[in-house]
Structures are given as structure tokens and as C-alpha cells.
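Same order as they appear, the protein sequences are chains B and E. Under the numbering used here, the residues of the first sequence are numbered 1094 to 1473, in order. Under the numbering used here, the residues of the second sequence are numbered 28 to 220, in order. From the three backbone atoms N, C-alpha and C, an ideal C-beta is built for every residue, glycine too. Here the structure comes first, spelled out in C-alpha cells, and everything after it is commentary.
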Amino acid sequence: MIEQKIADPIQILFESERETQFITGSEAIREAIRRANVEMAIAYPITPQSESMHLVGDLFAEGYIKDYFRGENEFAVMSSVAGAAMAGVRVFTATGGPGTLRAFEAFSTWSGARLPIVCAFMTRGVNSPLTIQPDTIEMSCMLDTGILMLHAEDSQDVYDMILSAFMIAEKTDVHIPVGVFVDGFFVTHTRDNVEITPADLKLPPYNPYSAPVPVMDMENVPFRQMRDPFVMKSNFISYAAHASWQQEVLSAAERSRKYIKQYLGDLIETEYPNSEILIIGSGTAVSQGREAMLAARNSGMDVGLVKIKSVRPFPEEEIRELVRHARYVIVPEFNRVGWLAREIKSVVEDTTKIIAGPRVYGGMTMPPGLIIDEIRRCSE
Amino acid sequence: MLSNEYPVLNGPEGYLPPAAASMGVMLPDQGFALIEGSCVLADDALEKIADKLLNARNPVFFPGPLLLWAWKEGVAEKAQAVKDLAELVGAKIIPMPDYRPKYPMINPEVEINPNHPNLTIWHNKIDVCVFIGVHCHYANVALKIIRGGTDCYTIGLCAEAGHEDAMISMRDVGLLQIIKLTEIIKKRKDEQK
């Protein structure tokens, strides 16, 4: 284990000298966790996530993490992670696909309990029918759980988003979980050049005593007072308290916008944003969209690209403004339901501009030609 | 002053008013505060708090667990300063000792609870209240309920980032800010003599 010193996250992310490593997405996760000052990690294997949490286990063996164990299943893991976070521990886990759905109840519990957990979701298909292949359909299920959702395009994004996620999640005025979503196999199992920050620098520790809810430290007042159970009585006051509580979780997500901008630059990235035709995507669909955009521009077509990095909070105003000036918007997705197109339609003024596709799923790749075909149809 | 389109005013605002954060009210950076949803200099907010406390019919301080327990160095001194401030403006102190829901109901004479803070406001006919030492989540939950159902003017003296749903919200409030507010109020009172 390399001796590490605590450094300012801005220094680590933006000012330190980075080294290029040719690594997989799973290895990028290991390198991020190595520098994240994580105290505890809990794992349960599922393809395509298994390798990353195995590599995090190696970090435990090397001494970078204080505690690590395998849970009984995903629901047990997500519940154990919640307990660790309530006790004031910086904790990390990962899952994907059916594992996400098996643990589903826990995610709303995390956000409702204001737990700053960071979880990586290596997305894959779910049981329709069973597949282990790449697919982002589980993200549609996660949209209203209250957690923040960052979607990585590549291994570099995964690395930067995981380190940033701890800083964003642990802000007192945010303090809700962050999910870093990464397309399984396409990123997790693919080698790429990743710019890595120095291994001898790590994030500052989590300070649970600045949390917006009492940390469950049984040794110290005032924190030995248990958090109240969620209000479950049948009367108007209980309903109003519950409603106000839910509003507060949504407010926490709103407050995260400025921190996402601080650590990740913005909620979106754009290339040629004033173009007549815009491709708007998230995850690896952005890479395919970029290939299509470059080919189309080489053919003289006026095409731009918008990469959505933060799905929750959603960049509503940014997307509304960009779409206002476009004639057509193409939304390529790796799932059958088109959840991103629905999200975009829900915030724009003219939904007829939105072409909800092309879509592939079940593990299929998306040749840029599919997107170029849509661009041609728009240009006719 | 940077004004916001959504004013955070004393209510009753309605059956279930939106959270101010969802209406575009943003917590200010260090050195700034919120007055009724708009960003102002922190010193201007202290003056406004002095106005509100001095002109209140029945001001009440609601200290929470972070102020009621000497859980870290400096808290006892801050608590004493808050007590002195409350006495200076003739305010009562009704604590929020913990956050557990209590059924069938709390005793509103002696305490306030974040899940039904309106009961304490209504019972004691409180027109101006000050939240201090309450964990941010519970302060925010309570402040929204108060704005929804009562006409009480709320002030949040927060040691962290502040509260959008308070009519006046100060951030990073420590002992020095409490002393500064006390001095402003003493000066105002001297001027009124």
C-alpha cells in the first residue's frame, strides 16, 4: 500500500499531474476507490459488476479499505450499506441489472434517510428474457428513487464521476446517495486510456457530524438519540410531515446542481450546440452519437451533440434552451423503452422535434449508421 | 440584492406549498444570506433579523439538539450567547429536544417537534421564531410545514448552508454571528431610549 496524504478534492481532480493508464472500466473503478478514502465496501457479485467489486476487495487486502465483506444478496448488501452510512462511514458498493431490481426498495430508503452512499451501477439487461448483456433499462426504474444519477460515457468518466460523487453526496445541503451508472461490458470490460490522479493523494474523510440528520454514534450526545422512524400514523399531520420530508429530498437533489458543476464541469457537455439537428444521449450512446455526428458533418450536414452527464438532477433548463433552437433532436438509446427520450420530451416546448431513437437492446451494439440514417431522414 | 421570482413569505401558504428550493431559491455562498428568497449580504440579514425580533409580538427561539448538548467544544458558549440574545429581545425559548414523532401529540407548551411544528406555533400564538441548532433536514421539514399552515415569520440561524424555506436564512452561524446580532439589537434598543 502506498502511503497517502489527504488533499483538497479540487487539487486532486483539477490540479494534480495525471498519469495515463490503459485500463478497463472495472479497473478505473478500483483506481478511483483507491483514492477515495473509502472506509467500507460491501459486495455481492453479478455480471458485469463482479470484477469491479473483486478489485475493490483487493484494495481491502492491500489496506486501503478498513472493512469489506460479501453480503447474502443485493438487498442485504444495500441494507448493510445503509447501516454503515447511518453510522457515519464512507461506504461504496456496486451492482447491476437484476441486482439493481432485487435491491430496489433500498434506494428510496437511502435517499429518504439522507445517506451519502456512492453506488456504481454497471447496467445490463433484466429478465425480459434473462440476459447478461449491455442495456440501460434499469435506469428507467431508478429515475424516481430520489438518488442522484450520473451516467458515464467511458472509463474516464467513471473514474472522475466516482471521485466527485463522494464530494457531491456528502455536502450537508445535498447528503443523498449518488449512483454512477456505467454501461456494462461496453465500458466495464473495455480497455481505454484513463488519466489517473496521483496514487499518494486521497480525498478528505467524510465528516458525519455535519450531516443534515444525526449520525447514529451511540457513544456521543446528542447523536445517541435514534432517528425517528418514518412517520406512519394515519392523520393529516403525519401525511403533511411525510410530504414535507419528500419535498426536502427533492430539494437536496436541486441543491446538488452547483456541486455537479463544480466537480464535473456541468450537467451536460455540448459539441456544435447551435446545429439544426442535435443528437442528445447519455452513456455510451454518446460515443456512437459522436461518431455519427462527425460522419454527418463530414458530409456537410449541420449536426451537433449533447451529452447528458447528470440524469438526476435532470438538466431541464439546459435541454429546453438547446432544443428550442434545433429543428430535430435524435435520441439514441440502449434500451427498449426510450426513457431518455421521455425525459427530454417532458421538458421541451415542442415534443414533435424529438425522434425517440434509434434504440437497440438485449446486448446489441449500435452502429453509428443507425443514427446517420435518422440524420438523413431529418435532412430530407 | 439578487431577487428571486418566488418570494418566501409567511403563510399560511396553502395545503402543500412547494419547497422553495424547487421554485428556484438557491442557498447563498459564504458571506451571504437569504431574505424572503432573495440573496443579500449577511450583514443586511442581521439587521433585518434585529428588526423582526424587536418588532415581534411573541418571538420564540427553537434551539435543537446541536445547541442543547455540549457535544463539542464551543457549543456551551454559543448556547449561552443564544440564551442571552433571547432574553435581550424578550423571547421565550421552546426547545426541539429530539426528532421522534410523539403520539397522540406533543405538549406544545414546552416543546416543538419537526413533524408537527405548527401545533406549537398555533398554541403559543408565535409570530416570529428562530431555528438554531436543529439538524438541517429536520429544520427544512419543519420550516415548510410552518410556512404552509401558519402565519409565523421564520428565521434560520444555521451553522451549515442555510434553509431556503426560512423567511430569513443565515449560513455558517457561530458564536461570533450571535454576538454580532446581539450587539446590533443592543444598539437599536439604546437608540430607542
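- According to DSSP, residue 184 of chain E shares a beta bridge with E/159, E/197.
- The three-state reading of DSSP puts residue 64 of chain E in coil, since its state is none of H, G, I, E or B.
- The three-state reading of DSSP puts residue 1286 of chain B in strand, counting E and B together.
- The C-beta of residue 83 of chain E comes no closer than 8 Å to any C-beta of chain B.
- Within its own chain, the residues whose Cβ lies closer than 6 Å to the Cβ of residue 1200 of chain B, once the five positions on either side in sequence are excluded, are 1238, 1240, listed in chain order.
- Note that the C-beta distance between residue 38 of chain E and residue 178 of chain E is below 8 Å.
- Taking the Cβ atoms as the reference, residue 1356 of chain B lies roughly 12 Å from residue 1267 of chain B, outside the contact range of under 8 Å.
- Residue B/1372 holds the alpha-carbon nearest to the alpha-carbon of residue 1425 of chain B among B/1115, B/1146, B/1108, B/1372.
- Of the candidates B/1277, B/1307, B/1360, B/1354, the residue whose Cα lies closest to the Cα of residue 1218 of chain B is B/1277.
- A direct Cα-to-Cα measurement between residue 1306 of chain B and residue 139 of chain E gives close to 17 Å.
- Note that the C-beta distance between residue 1228 of chain B and residue 1456 of chain B is below 8 Å.
- A Cβ-Cβ contact shorter than 8 Å links residue 1168 of chain B with residue 1195 of chain B.
- Between residue 121 of chain E and residue 1337 of chain B, the CB-CB gap reaches or exceeds 8 Å.
- With respect to residue 77 of chain E, residue 202 of chain E sits apart: the two C-beta atoms are not nearer than 8 Å.
- In chain order, 1361, 1375 place their CB closer than 6 Å to the CB of residue 1401 of chain B, counting only its own chain and leaving out the 5 sequence neighbours on each side.
- Look at residue 1470 of chain B here: in three-state DSSP terms it is helix.
- Around residue 1120 of chain B, the same chain offers 1148 as residues with beta carbons nearer than 7 Å, after the five sequence neighbours per side are excluded.
- The straight-line gap separating the alpha-carbon atoms of residue 1458 of chain B and residue 1381 of chain B is approximately 9 Å.
- Cβ contact annotation for residue 1420 of chain B (same chain, cutoff 8 Å, sequence separation greater than five): 1369, 1370, 1446, 1471, in chain order.
- Residue range 92–95 is occupied by the alpha helix (DSSP H) that includes residue 92 of chain E, with no beta strand (DSSP E) assigned at that position.
- For the segment 1161–1176 of chain B, no residue has a beta-carbon sitting nearer than 7 Å to a beta-carbon of chain E.
- About 6 Å separates the beta carbon of residue 1467 of chain B from that of residue 1451 of chain B, a gap short enough to meet the 8 Å contact definition.
- Rounded to whole angstroms, the Cβ separation of residue 63 of chain E and residue 34 of chain E is 5 Å, and the two are in contact under 8 Å.
- When C-alpha distances from residue 1108 of chain B are compared across B/1463, B/1449, B/1294, B/1273, the shortest belongs to B/1294.
- For the segment 48–62 of chain E, the set of positions with a beta-carbon nearer than 8 Å to some beta-carbon of chain B reads 48, 49, 53, 54 in chain order.
- Segment contact: the segment 1402–1411 of chain B against the segment 1205–1216 of chain B, fewer than three CB-CB distances shorter than 8 Å; contact not assigned.
- Here DSSP, grouped into helix, strand and coil, assigns residue 59 of chain E to strand.
- DSSP places residue 1435 of chain B in the uninterrupted alpha helix (DSSP H) bounded by 1432–1438.
- Among the CB atoms of chain B, one or more fall inside 8 Å of the CB of residue 142 of chain E.
- Per DSSP, reduced to three states, the secondary structure at residue 150 of chain E is helical.
- Against residue 172 of chain E, the close residues of chain B are 1333, 1334, 1337, in the order they occur along the chain (beta-carbon pairs closer than 8 Å).
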